[in-house]
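Let me begin by presenting the structure, written as structure tokens, before commenting on it.
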Amino acid sequence: MPPTSLPPRRRGRLPYWFALILAGCGLTLDLEPPDPLGQGDDAGVGPVDLSSVDLATPADGSTPVDSGPTDLGTPVACESDDDCAAADCLVAQCVAGSCAGTPVADGTECDAGSCRAGACVPTSCGNGILDAGEVCDDGNSIRLDGCELDCTPSCSADSDCDNGVLCDGTESCTPAESGGSFCQPSASPPLPSDDLELCGICDETTGEFEVEYQDDDADGYPRWSLHSCAVIDCDDRNAAVHPGARERPDDLVDSDCDGDDDTTAPPLEACYVDGDGDGFGDDDTGVPLEEDALVCPALLVPDGGDCNDADDSVNPGHGGYSGAPHCDAMMNCSFDWNCDGREERKYLDRASCLFSRRDECEASEGWYQRRIPDCGEIARWATCHWTILGCLPEVAEEPRTQTCR
């Protein structure tokens, strides 16, 4: 495919199509622009990880062509081919202002034997026969399949396979038919310890499950899900409706989720001072009522639960998310804007981009890091894009703030 027919995206300072050409030939090349946060990390997607890509078979099923540029190490700026130093089995080239290399024909003599897919290997390596000095020989040019281009195993110990992610179990170095060994994903990732954690998200840095809820109306009661993780809300569109809510007479609404459209409200036990006028009072200001009272005295409200009664945007009915905390008069600050006793983060997805279908890939986005950021934390956000190499992440130029409620 000529470069002009590829998508006109750019990543960093080089054309996006150039990054894909380099990646298709086994590249580990850092094309990322500087970190917008100024913390020393790049802002782009980082070196392309081809550990799960079959480089011998393109995604479209066509016959592979092993003639594109190949990495010569750390990118070096150039104006012509003469500015680039050659390497074994690679012809130096200046492509789009950076040195790269094109593999010479397989079988070309080199210092250690002969060239194979741009690497100098013993002459007998790659013939599918285990010759003297070889640990394995699978006769192909596929990396990370158990036997590498130089006829050595893809791994030698389980520690070589550790991806640093604690939520997908323990990877193992498994013997291959070729005589080598390859990294095998865990067949038994960690499981939640109880029903509550079934609704949680595993933190890849600790292996622990962070319990999160999908509470659309922010009343502290999550909507129905595949797992029983809490007391479920019968109407997650209305913050006034949830288990334990006070019934209101003659509204024909099942406010307390008990299955009955009550027409008579139960007596009030207390009413509260509403200091900020948002309809909710501080529990500490509760005033006991006489038996069978159905209405509150003047200046009092029937609903408590306000965790900051000096701010009318903080109350059990608050539904929005914020990237900044609220603070009381004593400068005790919290991201719990809906007073449900926890700080609920809005963005909980990671941009793994591990999809085999285009529609799934294009619909995915998330944080470009292993750990989900805490409330108010700024981090990089990525969107998955379908390319000739499959699904790859593209990091947004502007970082995103984790909002909470």
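Residue numbers (the numbering used here): 1300 to 1704.
Note that the Cβ used here is the ideal one computed from N, Cα and C, for glycine as well.
Only a predicted model underlies this, so the values are computations on that prediction, with no experimental measurement involved.
Query                                                                                                                                                                      : Result
Do D1535 and D1575 have their beta-carbon atoms positioned less than 8 angstroms apart in this structure?                                                                  : no
In chain order, which continuous runs of the alpha helix (DSSP H) of length 4 or greater are located wholly inside the stretch 1542-1590?                                  : none
Evaluate A1376 with the Cβ neighbour count: other Cβ atoms within 10 Å of its Cβ, from every protein chain shown; 16 or more gives buried, anything less gives exposed.    : exposed
Quick one: is T1407 buried, meaning 16 or more other Cβ sit within 10 Å of its Cβ, or exposed?                                                                             : exposed
Would you kindly work out how many angstroms separate the C-alpha atoms of E1433 and A1404, rounded to a whole number?                                                     : 22 angstroms
Keeping to the same chain, check which residues put their C-beta closer than 6 angstroms to that of C1690; ignore five residues upstream and five downstream.              : C1652, F1654, C1660 and C1683
Bridge partners of P1692, per DSSP?                                                                                                                                        : C1683
Keeping to the same chain, check which residues put their C-beta closer than 7 angstroms to that of D1428; ignore five residues upstream and five downstream.              : Correcting the residue identity first, residue 1428 is Ile in this sequence and not Asp. The residues are D1436.
Given a threshold of 16 other Cβ atoms within 10 Å of its Cβ, counted over all protein chains shown, does D1635 qualify as buried or as exposed?                           : buried
Just grab the DSSP bridge partners of G1417 for me.                                                                                                                        : DSSP, once it has assigned bridges, lists no residue as partnering G1417.
Per DSSP, F1654 forms a beta bridge with which residues?                                                                                                                   : Per DSSP, none; premise fails for F1654.
Assuming V1390 is part of the beta strand (DSSP E), what are its boundary residues?                                                                                        : L1389 to V1394
Quickly, what does DSSP pair I1677 with across the bridge? List them, please.                                                                                              : T1700
Put S1471 into one of helix, strand or coil per three-state DSSP.                                                                                                          : strand
Nearest CA to the CA of A1592: which residue from R1547, A1475 and D1444?                                                                                                  : R1547
For E1664, name the three-state secondary structure that DSSP assigns.                                                                                                     : strand
Any idea what DSSP makes of E1659, helix, strand or coil?                                                                                                                  : helix
Spell out a yes or no on whether the stretch 1440-1454 and the stretch 1475-1482 are touching, meaning 3 or more CB-CB pairs, one atom from each, closer than 8 angstroms. : yes
Which one or two residues does DSSP pair with R1649 in a beta bridge?                                                                                                      : W1666
Starting from T1401, trace the beta strand (DSSP E) in both directions and tell me its first and last residue.                                                             : S1397 to P1402
To the nearest angstrom, how far is it from the Cα of P1624 to the Cα of S1485?                                                                                            : 40 angstroms
Can at least three beta-carbon pairs, one atom from the stretch 1582-1596 and one from the stretch 1624-1633, be found at a separation below 8 angstroms?                  : no
What residues in its chain sit with their C-beta under 8 angstroms from that of S1471, if we drop five residues either side in the sequence?                               : D1457, C1460, C1482, Q1483 and S1485
So for S1621, helix, strand or coil by DSSP?                                                                                                                               : strand
From this set, L1599, C1424, D1559 and P1587, which residue's C-alpha is nearest Y1573's C-alpha?                                                                          : Looking at the sequence shown, residue 1573 is not Tyr but Asp. When each option's Cα is compared against that of D1573, the closest is L1599.
Hey, out of T1422, A1609 and S1397, whose CA is closest to D1577's CA?                                                                                                     : A1609
Can you check whether the CB of C1466 is closer than 8 angstroms to the CB of C1409?                                                                                       : no
As a quick exercise: from C1383, D1559, E1378 and L1389, pick the residue whose alpha carbon is nearest that of G1396.                                                     : E1378
For D1673, I'd like the list of residues in its chain whose CB is within less than 7 angstroms of its CB, leaving aside the five on either flank, ordered along the chain. : Q1701
Beta strand (DSSP E) containing C1482: first to last residue?                                                                                                              : S1480 to Q1483
What's the gap between the Cα of A1662 and the Cα of R1656?                                                                                                                : 10 angstroms
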